[in-house]
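In the UniProt record's numbering, the protein residues as written are 1 to 521.
See below for the structure under consideration.
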Ligand SMILES: [Zn+2]
Ligand SMILES: [Zn+2]
């Protein structure tokens with residue numbers, strides 16, 4: 001039940017009855033390590049009530065259904081709800097997917113992936129997706145719990161055929177906020193109140209990507225190498241630009257196809273590197289990587305990920321059972337994209353790499369009419385893909401943006417306040433009704449035996465002190481070896497605590513790691 005009220009630190013009648021009715025979703029992991037998608041409608045009449053739908057596949061239809069129930073206040077009359085479902089299916093219909101008595105339920109084409117890309121912009125969305133493939137740590141936060149899971153789900157969907165293998169908690173309840181200090185790859189969503197609570201206790205962490213869903217951007221200075229500066233990537237991004245600019249002609253499936261096509265191109269001839277050793281197939285990874293071209297640098301890192309390992313293992317299993325390996329995508333899916341010849345009859349020089357752009361090259365155009373190779377639309381400071389010549393975090397609020405941005409999504413670019421200096425970013429004072437400060441539980445939390453909510457166990461970071469250098473060393477090994485979750489639980493929590501029971505907002509806690517010198521013995 002705690003997951004139905006993620007804003008509350010502990011469940012009590014007064015707390016529950018005071019918070020608003022909501023429809024939102026999250027994922028739970030079963031003891032068999034399978035995902036189940038939960039859709040919640042919580043509301044209070046004379047007593048608190050909750051409607052929960054659990055499915056094996058994510059489908060926004062259930063959110064629409066619960067929202068319709070919330071809007072028409074017909075909580076207790078399912079046949080009436082189903083009759084009104086007609087109003088939900090106003091877009092192009094897929095074939096029916098549920099039969100309930102006399103009712104056939106169909107669903108409209110989902111579009112939350114396209115909506116998410118529109119909100120974040122192609123550059124930021126792609127930047128986040130490829131960091132997820134490298135299994136970085138992510139925290140997504142928002143003031144509204146209902147936006148968190150669909151946003152995370154949009155990113156997860158375009159990872160196909162790869163599948164996130166690590167900690168995934170779309171909505172972390174407040175009482176578990178210390179989970180945000182996980183040292184393992186993670187994708188964790190939470191309300192801004194939960195994040196603020198965590199920040200007050202643990203301080204800022206430069207090693208995690210913090211994504212502000214309400215601002216549609218990364219707000220942490222977690223800078224990584226960009227391994228994706230190549231022409232095929234430029235063509236892919238230009239095609240994605242085209243889909244987003246002409247979204248009425250496309251749906252989420254098309255976006256997923258485009259990503260799959262890129263992954264197929266990236267893996268090139270990987271199917272040729274399964275070698276039979278005695279009776280079993282094995283993958284010759286090093287030979288494969290040295291055979292690749294444009295994406296070699298990215299693949300060197302991606303091939304170290306659990307996601308890649310899992311993908312190759314499944315392919316190997318198929319071969320061992322005489323099943324052909326997966327084609328990733330079968331159909332040929334063609335999408336137009338903007339080339340230099342579409343905007344200029346003369347040759348241009350790229351404003352970033354200063355090399356000549358030929359007429360067939362995919363391009364990105366800024367407001368000042370300067371033309372870049374599509375893959376050269378990157379921040380000049382941190383090198384990540386960016387709509388601005390200097391990204392917002394590098395101080396580019398006044399930098400030129402594209403004409404397209406202004407005409408199509410002005411709210412994304414003009415509503416944002418200038419980025420304040422880093423130390424003033426957080427903690428943001430949480431909304432008054434959203435947060436109760438108290439001491440978080442020690443990890444791992446105790447759970448009753450009967451619960452089916454399989455919460456991943458999360459070890460916390462150990463900070464350097466005089467006495468724990470050995471422990472740190474162990475922890476580093478555990479992290480770099482990508483040990484499974486339970487093995488790293490052996491490292492006890494040794495973080496200094498600030499005063500967690502203080503009810504007033506605390507001043508920003510400086511990053512503890514920079515305040516200590518590591519003493520080597
Ligand atoms: Zn260039
Ligand atoms: Zn930057």
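The C-beta atom is built at its ideal place from N, Cα and C for all residues, glycine as well.
Remember, it's a predicted structure, so these values are computed and weren't measured experimentally.
- A direct Cα-Cα distance of roughly 15 Å separates residue 339 from residue 245.
- Two segments are said to touch when three or more pairs of C-beta atoms, one from each, lie closer than 8 Å; by this definition the region 141–152 does not touch the region 198–208.
- The residues 134, 227, in chain order, have a CB closer than 7 Å to that of residue 301 in the same chain once the five nearest residues on each side in sequence are set aside.
- For residue 123, no pairing in a beta bridge is given by DSSP.
- The C-beta distance from residue 275 to residue 329 rounds to 25 Å, too long to meet the 8 Å contact threshold.
- Boundaries of the alpha helix (DSSP H) harbouring residue 342: 340–343, taken from the DSSP string.
- DSSP, read as helix, strand or coil, puts residue 110 in coil.
- Contiguous alpha helix (DSSP H) elements confined to the region 48–76 occur at 61–72, taking only those with 4 or more residues.
- Relative to ligand 2, the beta carbon of residue 376 is positioned no closer than 7 Å to any heavy atom.
- Distances between the C-beta of residue 348 and the heavy atoms of ligand 1 are all 7 Å or more.
- If one requires a minimum length of 3 residues, the beta strand (DSSP E) runs lying completely within the region 186–244 are 186–191, 209–212, in chain order.
- For residue 359, same chain residues with a beta-carbon under 6 Å away, outside a window of 5 residues either side, are 340, 341 in chain order.
- Around the beta carbon of residue 364, a 10 Å sphere encloses 16 or more other beta carbons of the protein chains shown; the residue is thus reported as buried.
- Residue selection by CB proximity (closer than 5 Å to any heavy atom of ligand 2) returns 379, 381, 382, 391, 394 in chain order.
- Distances taken from the Cβ of residue 355 to the heavy atoms of ligand 1 include one shorter than 7 Å.
- Under the criterion of beta carbons closer than 8 Å, residue 114 and residue 236 do not qualify as touching, at roughly 16 Å.
- Boundaries of the alpha helix (DSSP H) harbouring residue 147: 145–157, taken from the DSSP string.
- Per DSSP, the continuous beta strand (DSSP E) segment holding residue 35 begins and ends at 35–44.
- The region 304–323 makes contact with the region 164–171: 3 or more CB pairs, one atom from each, lie closer than 8 Å.
- Rounded to whole angstroms, the separation of the alpha carbons of residue 43 and residue 158 is 33 Å.
- Within 10 angstroms of the beta-carbon of residue 220 lie 16 or more other beta-carbons, which makes it buried.
- Remark: fewer than three beta-carbon pairs, one from each stretch, lie closer than 8 Å, so the region 43–55 and the region 173–187 are not flagged as touching.
- Separation of the CB atoms of residue 208 and residue 139 is rounded to 6 Å, and the pair is thereby assigned contact status at 8 Å.
- Under DSSP, residue 268 shares a beta bridge with no residue.
- In the displayed model, residue 166 falls within coil according to three-state DSSP, outside both helix and strand.
- For residue 186, the CB contacts under 7 Å within the same chain, skipping 5 residues up- and downstream, are 137, 138, 166, 167 in chain order.
- Within the model, the alpha-carbon separation for residue 130 versus residue 321 is close to 32 Å.
- Contact annotation, residue 370 with residue 378: C-beta distance approximately 13 Å; criterion of less than 8 Å not satisfied.
- Rounded to whole angstroms, the separation of the alpha carbons of residue 59 and residue 111 is 11 Å.
- Residue 7 carries a coil assignment under DSSP once its states are collapsed to helix, strand and coil.
- Cβ neighbours of residue 280 within its own chain (closer than 7 Å, five residues either side excluded): 320.
- When secondary structure is reduced to three states using DSSP, residue 24 falls in the strand class.
- Beyond the five residues adjoining it in sequence on each side, residue 353 comes within less than 6 Å, by CB distance, of 376 in the same chain, given in chain order.
- Relative to ligand 1, residue 224 has its C-beta separated by 7 Å or more from all heavy atoms.
- Listed in chain order, the non-local C-beta contacts of residue 299 below 6 Å within the same chain comprise 289, 292, local neighbours out to five positions each way being set aside.
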